[in-house]
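Each remark here refers to the structure printed beneath this line.
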Amino acid sequence: MGKKNTGLGMEAFYTRERANEGVVIPLYTPDGTKTEHWLRIRGVDSDAFREAEANSKRDAFRVASIEDAVERAKAIQDAKLDLIAALVISWSFEKECTPENIKEFFRQAPQIADAVDQIASKRALFFEKRSSSSVSTLKRSSGSTRSQKDPSKPSEKA
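If you count the sequence shown from 1, position 132 lands on 1139 in the working numbering, and the numbers rise without skipping.
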């Protein structure tokens, strides 16, 4: 096979920087009603997610060794929430955006945890050139729209 010169440098394949910056996803209620709330999430190629994933893999043996099936299932669910929570950078809620608060939100709103998990895995969102850092394709799968606050500069507390 011959070497083709496409004019693309290695940088054309980089996703890490954009994955670390994150994208804003609007939130909708379970019935599809727009809200002013949003989350800024990282991509799966972000440093924080990769670290959380490595920690989860290291902890897998401990979880697998839990004899009680109910306790093991709870530990597996908690580990999954840890991974998804690691994707959240900030949000529009008044409550502080801490890992514990994010996990509690996801426990009570699993449809949003699922949407975050799916969106963060779409590398194209963190790869392609785009005019906005907002994702507007969540309608019924998550639950909101942009806040009156500027979601391109969300604070940790939001």
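Just so it is clear, CB atoms sit at the ideal spot from N, CA and C, and this is done for glycine as well.
Everything numeric in this text was worked out from a predicted model, so none of it was measured.
Residue i to residue j, Cα distance in whole Å?
{"i": "Thr-1036", "j": "Pro-1117", "result": "12 Å"}
{"i": "Thr-1144", "j": "Glu-1043", "result": "Unreliable placement is indicated for Thr-1144, whose pLDDT of 44 sits below 50; the coordinate value is still reported in the next sentence. Taking the straight line joining both Cα atoms gives about 15 Å."}
{"i": "Ile-1083", "j": "Ile-1091", "result": "13 Å"}
{"i": "Ile-1048", "j": "Thr-1040", "result": "21 Å"}
{"i": "Ser-1139", "j": "Ala-1131", "result": "Its pLDDT being 47, under 50, Ser-1139 is placed unreliably in this model, and the value from its coordinates should be taken loosely. Whole-angstrom Cα-Cα distance: 14 Å."}
{"i": "Cys-1104", "j": "Ala-1122", "result": "18 Å"}
{"i": "Glu-1111", "j": "Met-1017", "result": "40 Å"}
{"i": "Lys-1064", "j": "Asp-1075", "result": "20 Å"}
{"i": "Asp-1038", "j": "Ala-1120", "result": "16 Å"}
{"i": "Lys-1102", "j": "Lys-1081", "result": "25 Å"}
{"i": "Ser-1099", "j": "Val-1077", "result": "34 Å"}
Exposed or buried, which one is residue i when buried takes at least 16 other CB atoms within 10 Å?
{"i": "Phe-1133", "result": "buried"}
{"i": "Leu-1015", "result": "exposed"}
{"i": "Ser-1072", "result": "exposed"}
{"i": "Ser-1128", "result": "exposed"}
{"i": "Ala-1093", "result": "buried"}
{"i": "Ala-1019", "result": "exposed"}
Nearest to residue i by alpha carbon, out of the options?
{"i": "Tyr-1021", "options": "Ile-1032, Trp-1045, Asp-1038, Asp-1052", "result": "Asp-1052"}
{"i": "Ile-1096", "options": "Pro-1106, Ala-1019, Arg-1057", "result": "Pro-1106"}
{"i": "Pro-1033", "options": "Trp-1045, Arg-1065, Asn-1027", "result": "Trp-1045"}
{"i": "Arg-1023", "options": "Asp-1038, Val-1031, Phe-1056", "result": "Phe-1056"}
{"i": "Ile-1126", "options": "Asp-1038, Glu-1074, Val-1030", "result": "Val-1030"}
Are residue i and residue j closer than 8 Å when you measure CB to CB?
{"i": "Leu-1088", "j": "Phe-1113", "result": "yes"}
{"i": "Gly-1050", "j": "Arg-1025", "result": "yes"}
{"i": "Val-1070", "j": "Ala-1059", "result": "no"}
{"i": "Asn-1027", "j": "Asp-1066", "result": "no"}
In the DSSP assignment, find the alpha helix (DSSP H) that holds residue i and state where it starts and stops.
{"i": "Lys-1064", "result": "1054-1071"}
{"i": "Arg-1025", "result": "1023-1028"}
{"i": "Val-1166", "result": "Past the boundaries of the shown model lies residue 1166; the chain is included only from 1008 to 1165, so the question cannot be answered."}
Taking only beta-carbon atoms, is residue i less than 8 Å away from chain D?
{"i": "Phe-1133", "result": "Within the model displayed, chain D is absent; a lone protein chain is all it includes."}
Since residue i is in the beta strand (DSSP E), which residue starts that stretch and which ends it?
{"i": "Lys-1102", "result": "Counting along the chain, Lys-1102 falls outside any beta strand (DSSP E), and DSSP gives it neither H nor E."}
{"i": "Glu-1018", "result": "Run containing Glu-1018: none; DSSP gives neither H nor E here."}
{"i": "Arg-1079", "result": "Run containing Arg-1079: none in the beta strand (DSSP E); it sits in the alpha helix (DSSP H), 1076-1092."}
{"i": "Arg-1047", "result": "1041-1048"}
{"i": "Val-1095", "result": "1095-1098"}
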